[in-house]
Every structure is written in structure tokens, then in C-alpha cells.
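Asker:
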Amino acid sequence: MDLFEHQARELFERYGVLVPRAEVAGSAPAARAAAERLGGRVVVKAQVKTGGRGKAGGVKLAADPAAAELTARQILGMDIKGHTVHQVMVAEPVEVEREFYVGYTLDRARGRFLAIASAEGGMEIEEVAARRPEAVARIAVDPEEGVTEAKAAEIAAAGGLPAEAAATLHRLWTVLTEQDALLVEVNPLVVTRGGAIVALDGKVTLDDNADFRRTYAYEDTGGAGLEAEAAAKGLNYVKLDGEVGVIGNGAGLVMSTLDVVAGCGARPADFLDIGGGASAEVMADGLSVVLGDPHVRSVLVNVFGGITACDAVAEGIVRALDTVTLTKPLVVRLDGNSAARGRAILTERAHPLVHQVDTMDGAAARAAELAAVAA
């Protein structure tokens with residue numbers, strides 16, 4: 001589960017990490033009132049679970065409460081990479097001397113944690129790593145040893161952070177371990193002109209498998225997004241930033257499909273695993289969620305029939321087409337158990353926006369082509 005920035009901020013504060021004073025507002029008048037309580041001059045930040053908010057115009061400085069109200073009115077309702085802004089965080093501005101990036105993540109391949117630190121904060125770390133890989137330090141963390149005071153000092157030195165940041169790095173590690181997080185990231189972590197180490201932003205991803213022992217419940221306070229809609233329907237859906245919607249049966253197959261779509265020069269718009277069943281209801285729900293993303297230009301359904309036969313999948317698609325208005329081209333690849341029968345069912349339905357392709361590579365290429373045409 002990804003937390004909103006204001007939730008990550010509150011979590012950091014509980015663990016002794018310095019953060020700016022801030023309030024959450026769901027309306028423009030509430031943003032004005034928050035600005036008045038915070039001293040007038042504030043930063044208004046869109047609360048959505050995605051990056052690139054600043055580039056999209058979702059983070060703005062407001063000189064006074066009236067400006068905060070106007071700015072919040074402009075930001076609320078914005079679409080940022082398929083995420084609608086339902087709330088803003090109104091935060092006290094900070095006089096920044098220097099900016100840094102710090103983060104902890106899980107390195108599954110090596111069975112350890114990874115600390116990432118850079119003296120080039122405030123920018124997307126992927127861009128920094130691509131442009132100047134030597135500017136991003138990656139330090140392995142033994143899960144049994146953890147981040148001791150000495151390890152925190154090592155991470156700070158490797159990333160070019162001031163020695164004073166080591167205490168904050170230690171606290172962020174405690175957030176990761178005690179909250180069963182998969183990712184804890186601060187960008188930027190800043191040194192203020194007064195010399196304080198302050199987290200200006202926060203990104204936290206919690207391990208859903210640990211919900212049963214988590215004493216604090218994090219609610220999705222951002223309104224009904226696509227991921228919330230999918231969760232309510234029992235679908236395993238993750239919103240991405242591309243234009244080709246992807247539906248498949250089985251997490252491994254869906255992940256492979258994402259890679260193949262990317263290899264065709266397109267960007268996947270989502271991860272949607274319908275699992276072992278593909279009933280009409282499941283397919284209708286899946287198509288409804290994927291088509292609900294305004295950035296989707298084509299949809300790829302990639303199914304390998306095993307326990308669930310392809311003819312059952314095809315029947316589900318046909319029935320779903322009777323309940324969902326298909327407005328984007330749908331590319332279907334069926335293979336495995338009863339694939340020939342499944343293809344025949346779709347051929348008989350003869351929907352003008354449904355395209356059948358026999359191979360995964362061919363289907364991905366066709367979906368990418370159709371998305372490009374629709375651009």
C-alpha cells in the first residue's frame with residue numbers, strides 16, 4: 001500500500017523526523033483557513049499517489065491565504081498521471097540551504113535492504129542515476145545488522161550528506177522496520193538555513209502482508225481512484241503511467257506482458273491480473289477499470305489457458321462486451337487450453353474494435369501500434 005505524502009509526513013513525525021507544519025484540505029476554503037493558521041505564506045501540494053506532481057503543476061507556493069485558496073481551487077480536481085486530486089496538503093515553507101535524496105528499499109534478488117543516497121535531491125533519482133550514476137550511492141544493508149549509528153554515518157558519507165543527517169537516516173530505518181515498509185523515501189531531505197535536517201517530502205510503501213499486525217490503519221483518504229475502484233471489485237490492479245492497458249491471467253504472465261509492451265516502444269498503463277478465473281463479471285470489471293483511465297489508448301488481453309480454458313475466457317470477454325461500452329481497440333491473444341475454440345467465439349462475435357493476434361509479441365506490437373494511431 002502506498003501512502004499519501006501527508007500520511008508519510010505524519011508517520012515520520014511520530015518517529016522524530018523533522019517535517020514542516022502542515023494540514024490537509026479537501027476544499028479551497030479549507031486550504032485558506034489552513035494557510036491562516038500556518039502563518040499565511042504556504043506551499044500547496046496535490047495529494048496523489050504518483051510522482052511528477054511539481055512538473056504537472058500540482059505543487060505551488062502561495063504568498064497569502066487568499067492565494068492559497070485560489071491555488072487549491074486550481075489544483076483540486078486536476079488529473080496527474082491518471083490520479084485525480086481530491087485533497088491538498090498546505091505546508092509551512094522552509095528556507096532551504098541544500099537538498100539531498102535518501103531512501104531505503106527491499107532488494108529481493110539479494111535478500112537484503114538497499115540504502116540509496118545522493119547529494120542531488122529535489123530531482124527524480126532515476127534521472128540523476130541515468131545522467132550521473134556516480135552521484136547516487138547504493139549501500140547494502142544486512143537485515144540482521146540493520147542501520148546502526150555507524151551504518152547511518154557510512155550511508156551519509158557515501159551519499160555526500162552532512163554528518164548531521166545520520167540521525168535522521170537512523171530514524172527512517174526505524175520507520176521501515178517497525179512499519180513493515182517496502183520503501184521509505186525522502187526527496188528532498190534538506191538542510192535549512194538554520195542548520196536543521198528536515199524531510200520536505202515523503203514516500204512510503206507498506207507491505208500489505210503485514211496488515212494483521214499493524215496497530216495503525218491507513219485509510220485511502222484521497223477519494224475513489226482507479227486503484228480504489230479495482231480493490232473494491234477484488235481486482236489485483238496497479239496504475240502505471242502509460243497508454244496500453246494490460247490484462248492477463250497470472251502475475252508472471254502480466255509482468256512479462258508489461259516488458260514486451262515496453263519492448264515495442266509503448267508504455268503499459270497498468271498491471272491487472274484477473275487470476276485463474278475470467279468470468280463475464282471479472283472481465284467486465286477489469287475492462288471497466290482499465291478503460292476508466294483516460295490515458296489508455298488501447299487494451300491488450302493476454303491469456304494463457306491452463307486450469308481456466310481459453311473458451312471460458314472468450315465467453316467472458318463476449319459477455320463483458322454486452323455490459324461495457326468498448327471505446328478503445330482491444331487486442332486479444334489466447335493460447336493454451338481450448339485456444340482454438342476461444343478464438344472462434346471471438347470471431348463469431350465480430351466486434352469491430354476487437355483484434356485477435358496469435359502470439360504475445362505480435363499482440364503487444366499491435367496494441368502499441370493502435371495506441372500510437374490513437375495518439
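To convert, note that position 178 of the sequence shown is 178 in the UniProt record's numbering; the numbers rise steadily by one, no gaps. A virtual CB, placed ideally from N, CA and C, is assigned to each residue, including glycine.
(1) Under the three-state reduction of DSSP, which class applies to Ser27: helix, strand or coil?
(2) Among Asp208, Lys239, Leu291 and Glu315, which has the Cα closest to the Cα of Glu281?
(3) Use the C-beta contact count for Arg132: other C-beta atoms within 10 angstroms, 16 or more gives buried, fewer gives exposed.
(4) Here's a check: name, in chain order, each residue in its chain whose Cβ is nearer than 7 angstroms to the Cβ of Val44, leaving out the five neighbours to either side.
(5) When you compare the CB positions of Val261 and Val244, do they come within less than 8 angstroms of one another, or not?
(6) Could you check how far apart the C-beta atoms of Val102 and Ala119 are, in whole angstroms? I think they sit under 8 angstroms.
(7) Under 7 angstroms Cβ to Cβ from Thr81, same chain only, skipping five residues before and after it: list those, please.
(8) Quick one: residues in its chain with C-beta nearer than 7 angstroms to the C-beta of Gly223, no 5 flanking neighbours on either side, listed in chain order?
(9) What are the start and end residues of the beta strand (DSSP E) that includes Leu272?
(10) Identify whether residue 382 lies in helix, strand or coil by the three-state DSSP scheme.
(11) Helix, strand or coil: which one does DSSP assign to Asp311?
(12) Going along the chain, which residues of its own chain have a beta-carbon closer than 7 angstroms to the beta-carbon of residue 384, five neighbours each way excluded?
(13) Could you check whether Leu18 and Ala196 sit closer than 8 angstroms to each other, using their CB atoms as the reference points?
(14) Taking only three categories from DSSP, how would you classify Gln74?
(15) Taking the beta carbon of Phe212 as the centre, do at least 16 other beta carbons fall within 10 Å, making it buried, or is it exposed?
(16) Since Ser118 is in the beta strand (DSSP E), which residue starts that stretch and which ends it?
(17) Can you tell which of Val289, Leu253 and Val24 has its C-alpha closest to the C-alpha of Gly305?
(18) Go through its chain and collect everything with a Cβ distance to Ala166's Cβ below 8 angstroms, but skip five positions before and after it.
(19) What residues are listed by DSSP as bridge partners for Met89?
(20) Who does Ala199 pair with in a DSSP beta bridge?
(21) With DSSP as the reference, label Val254 as helix, strand or coil.
(22) How big is the Cα-Cα spacing for Leu226 and Val186?
(23) So is Thr323 buried or exposed if we call it buried at 16+ other beta carbons inside 10 Å?
(24) Just checking my contact of Ala266 with Ala371 at CB under 8 angstroms: how many whole Å lie between their CB atoms?
(25) Using the C-alpha atoms, what's the distance from Gly248 back to Phe271?
(26) Applying the 10 Å Cβ sphere with the 16-neighbour rule, what's the burial state of Glu5?
(27) Spatial neighbours of Arg138 within its chain, please: CB distance less than 8 angstroms, with the 5 preceding and 5 following residues excluded, ordered by chain position.
(28) Near Pro29, what residues of its chain come up, given a Cβ to Cβ distance below 8 angstroms and the 5 sequence neighbours on each side ignored?
(29) With three or more C-beta pairs closer than 8 angstroms as the rule, is the region 328-340 touching the region 199-212?
(30) Mapping the DSSP letters down to three states, classify Glu127 as helix, strand or coil.
(31) Assuming the contact rule is C-beta atoms closer than 8 angstroms, Pro143 and Arg112 should be a hit. Round their C-beta distance to whole Å, please.
(32) From Ala228, Asp107 and Glu23, pick the residue whose C-alpha is nearest to that of Asp293; which is it?
(33) Between the alpha carbons of Val128 and Ala230, how many angstroms are there, rounded?
(34) Should Asp335 be listed as close to the ligand FMN, given that the test is whether its C-beta is under 7 angstroms from any heavy atom?
(35) For Asp311, tell me which candidate among Leu235, Gly54, Leu321 and Ile345 has the shortest Cα-Cα distance.
(36) Tell me the DSSP secondary structure of Gly342 in three-state form.
Answerer: Once the coordinates are examined:
(1) DSSP places Ser27 in coil when its eight states are reduced to three.
(2) Taking Glu281 as reference, the option from Asp208, Lys239, Leu291 and Glu315 with the minimal CA-CA separation is Glu315.
(3) Arg132 is exposed by the Cβ-count criterion.
(4) Here Val44 has Ala31, Lys60, Ala62, Ala68, Thr71, Ala72, Ile75, Val88 and Val90 as same chain residues with Cβ atoms under 7 angstroms from its own Cβ, once five neighbours each way along the sequence are excluded.
(5) Between Val261 and Val244, the gap from beta carbon to beta carbon is short of 8 angstroms.
(6) With 8 angstroms as the limit, Val102 and Ala119 do not qualify as a contact, their Cβ atoms being about 10 angstroms apart.
(7) Note on identity: in this sequence residue 81 is Lys, with Thr being the wrong assignment. So the list reads Thr50, Gly52 and Asp241, once near-sequence residues are dropped.
(8) Residue placement at Gly223 is flagged as unreliable, the pLDDT there being 48, under the threshold of 50; a coordinate-derived value is accordingly withheld.
(9) Per DSSP, Leu272 belongs to the beta strand (DSSP E) from Asp270 to Asp273.
(10) Any answer about residue 382 is impossible in this case: the structure gives the chain only from 1 up to 375.
(11) Three-state result, Asp311: helix.
(12) For the chain, the structure presents residues 1 to 375; residue 384 sits outside this window and is missing.
(13) Cβ distance < 8 angstroms, so Ala196 and Leu18 count as in contact.
(14) Residue state, collapsed to three classes: helix.
(15) Around the beta carbon of Phe212, a 10 Å sphere encloses fewer than 16 other beta carbons of the protein chains shown; the residue is thus reported as exposed.
(16) Here the beta strand (DSSP E) through Ser118 covers Arg112 to Ser118.
(17) Of the candidates Val289, Leu253 and Val24, the one whose C-alpha sits nearest the C-alpha of Gly305 is Leu253.
(18) Within the same chain, Ala166 has close Cβ partners Glu149, Ala152, Ala153, Ile155 and Ala156.
(19) Among the bridge pairs identified by DSSP, Met89 is matched with Val24 and Lys45.
(20) Paired residue(s): Leu189.
(21) In the three-state reduction of the DSSP assignment, Val254 falls in the helix class, which pools H, G and I.
(22) Cα-Cα distance, rounded: 26 angstroms.
(23) With fewer than 16 other Cβ atoms inside 10 Å of its own Cβ, Thr323 counts as exposed.
(24) Correct: roughly 5 angstroms between the Cβ atoms.
(25) Using only the alpha carbons, I get a separation of about 8 angstroms.
(26) Answer is buried; the Cβ neighbour count reaches 16.
(27) Its chain contains Leu114, Ala115 and Ile116 as the residues whose beta carbon lies nearer than 8 angstroms to that of Arg138, once the 5 sequence neighbours on both sides are disregarded; these appear in chain order.
(28) For Pro29, where only same-chain residues beyond five positions count, the Cβ hits under 8 angstroms are Glu69.
(29) Result no; under three Cβ-Cβ pairs closer than 8 angstroms.
(30) In this structure, Glu127 counts as helix in the three-state DSSP scheme.
(31) Correct: roughly 6 angstroms between the Cβ atoms.
(32) Nearest Cα to Asp293 within the set Ala228, Asp107 and Glu23: Ala228.
(33) For Val128 and Ala230, the distance between alpha carbons rounds to 34 angstroms.
(34) In terms of ligand content, the structure shown is empty, and the ligand FMN therefore cannot be addressed.
(35) Asp311 has its Cα closest to that of Ile345, out of Leu235, Gly54, Leu321 and Ile345.
(36) Here DSSP, grouped into helix, strand and coil, assigns Gly342 to helix.
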